[in-house]
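Here's the structure we're looking at; comments come further down.
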Amino acid sequence: ILNVEQSPQSLHVQEGDSTNFTCSFPSSNFYALHWYRWETAKSPEALFVMTLNGDEKKKGRISATLNTKEGYSYLYIKGSQPEDSATYLCAHYTGANSKLTFGKGITLSVRP
Amino acid sequence: GAGVSQTPSNKVTEKGKYVELRCDPISGHTALYWYRQSLGQGPEFLIYFQGTGAADDSGLPNDRFFAVRPEGSVSTLKIQRTERGDSAVYLCASSASLTGLQYFGPGTRLTVT
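Quick note, the sequences are listed as chains D and G, same order.
Going by the working numbering, the first residue of the first sequence is number 604, and it counts up by one from there.
Going by the working numbering, the first residue of the second sequence is number 17, and it counts up by one from there.
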């Protein structure tokens, strides 16, 4: 993997469904993996910053896991709600004085 | 406290005109980033400031793009002779974290007609 890749590109689910997204990133030169949520007309907001292989983080109904050896992270949303509708971005960070390299994002739409 | 602010929120300009986009970072954040998000793409890095100096400007697409941060706080992204392909959302972010956690502004949507 040379770039940050996210799948699927978009997802339409019913309220109450659980869903998960995949982010793949270069496993070499790893420092941190970020997940951001970007709602329409708002600023992208950080969900998680993950640094350690095997890391699992949770915020309410949203959780994420990290595998730095194989270069992937999963984001899970349990019991999706309409307010979860947003674009979810993951970004790879290679260390101090470096930029974030983003995936294309996954657009989630949750139907009431 | 106040987050990152960007002005204007929307800018419509004609092809060939000059535009300036402003970013006001979180007070005390020494790192400031500019990204550009085109339709269907993730945010793409443009330039990174550490204090007043541009530490990495490798993402600027060509010499029509220039950015400054003269006092280490507010930054201005300047685009000369705008082209329709410059239409995008321009995001600014600031950071004070070793893990690279960045706080984003709401973006400026630039439309070049």
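Glycine included, every Cβ here is placed at the ideal spot set by N, Cα and C.
Burial state of residue i (16 or more Cβ within 10 Å)
i, result
"S97/G", "Position check: residue 97/G holds Arg in this sequence, whereas Ser was assumed. Answer is exposed; the Cβ neighbour count stays below 16."
"H615/D", "exposed"
"S683/D", "buried"
"S54/G", "exposed"
"D102/G", "buried"
"R85/G", "buried"
"R52/G", "buried"
"T129/G", "exposed"
"Q609/D", "buried"
"S631/D", "exposed"
"P59/G", "buried"
"S74/G", "exposed"
"K94/G", "exposed"
"G706/D", "buried"
Rounded Cβ spacing between residue i and residue j (contact assumed at less than 8 Å)
i, j, result
"P629/D", "I709/D", "Contact flag wrong, Cβ pair sits at about 19 Å."
"P715/D", "E618/D", "5 Å"
"K31/G", "E99/G", "6 Å"
"G88/G", "T68/G", "5 Å"
"K645/D", "P77/G", "Not really, about 26 Å apart at Cβ, beyond 8 Å."
"A83/G", "A104/G", "About 15 Å; that fails the 8 Å criterion."
"R117/G", "A649/D", "The amino acid occupying residue 117/G in the given sequence is Leu; Arg does not appear at that position. Contact flag correct, Cβ pair sits at about 6 Å."
Beta carbon of residue i nearer than 9 Å to that of residue j
i, j, result
"A699/D", "Y639/D", "no"
"I63/G", "S110/G", "no"
"Q66/G", "T92/G", "no"
"K27/G", "L126/G", "yes"
"Y679/D", "T622/D", "yes"
"T704/D", "Y634/D", "no"
"K662/D", "Y49/G", "no"
"D687/D", "V652/D", "no"
"P647/D", "F61/G", "no"
"S613/D", "L692/D", "no"
"T625/D", "L636/D", "no"
"G19/G", "A112/G", "no"
Residue i - containing beta strand (DSSP E), residue span
i, result
"G69/G", "G69 to D72"
"E60/G", "E60 to Q66"
"Q22/G", "S21 to T23"
"R714/D", "I709 to R714"
"N623/D", "T622 to S627"
"F705/D", "L703 to F705"
"L37/G", "V35 to D40"
"L570/D", "In the structure as shown, chain D starts at 604 and stops at 715, and residue 570/D therefore has no counterpart that could be examined."
"A104/G", "A104 to S111"
"F82/G", "F81 to V84"
"L692/D", "A689 to Y696"
"A47/G", "A47 to Q53"
"N670/D", "I665 to N670"
"Y639/D", "A635 to W641"
"S613/D", "S613 to Q617"
"K660/D", "E659 to K662"
"N26/G", "N26 to T29"
"S91/G", "S91 to I95"
Worksheet item: Counting pairs of Cβ atoms below 8 Å between the region 20 to 27 of chain G and the region 657 to 673 of chain D, do you hit three or more?
Response: no
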